[in-house]
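A.B. asks: Sharing a structure here in structure tokens format.
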């Protein structure tokens, strides 16, 4: 299924081909700040499955692992729309909320559960990890 995501004002857009490779909830404090909510949720696609339109601004930060994390946002409405890590630059995350689709697939995993808000309840069968996907499982 092809999907369409866009920022609040509609000037920055992403079209995806097919279903995401993974949908990830991240509760690290950086994603909390990036999203302005208790967690960030990204639908990850191979870069060649995405088509971006509009002019984006880029913010780059260093991760705890020393990689660069690139976030692209609309310069008009400031919506954070897509992002990737230098660890795997061909794997691009699109903010799930920007699809505004209540039928969007549930998360495949949850990372950085060590900083997850205690009242967040994900589906019981969602694998959770203390930190990144290579860390200890929490469920």
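Residue numbers (the working numbering): 4 to 142.
We treat Cβ as the ideally placed atom computed from N, Cα and C, and that holds for glycine.
1) Thinking just about the alpha-carbon of each residue, which of 136, 76, 26 is nearest to the one in residue 90?
2) So for residue 39, helix, strand or coil by DSSP?
3) By the three-class DSSP mapping on this structure, what secondary structure does residue 18 have?
4) Tell me whether residue 64 sits in a helix, a strand or coil according to DSSP, three-state version.
5) If contacts are defined as beta-carbon pairs under 8 Å, then residue 86 and residue 113 qualify, I think. What distance do you get, rounded to the angstrom?
6) One question on the structure: do residue 8 and residue 95 come within less than 8 Å of each other, judged by their Cβ atoms?
7) Less than 8 Å between the C-beta atoms of residue 26 and residue 125, yes or no?
8) With 16 as the cutoff for other CB atoms within 10 Å, does residue 140 come out buried or exposed?
9) Please state whether the Cβ-Cβ distance between residue 40 and residue 83 is less than 8 Å.
10) In chain order, what residues of the same chain have a beta carbon less than 7 Å from the beta carbon of residue 93, not counting five sequence neighbours either side?
11) Would you call the CB atoms of residue 52 and residue 13 closer than 8 Å?
12) With distances taken between CB atoms, is the gap from residue 128 to residue 30 smaller than 8 Å?
C.D. replies: Reading it off the structure:
1) 136
2) coil
3) In this structure, residue 18 counts as strand in the three-state DSSP scheme.
4) strand
5) That pair is no contact at about 17 Å.
6) no
7) no
8) Exposed.
9) no
10) Excluding residues within five positions, the ones whose Cβ falls inside 7 Å are 49, 50.
11) no
12) no
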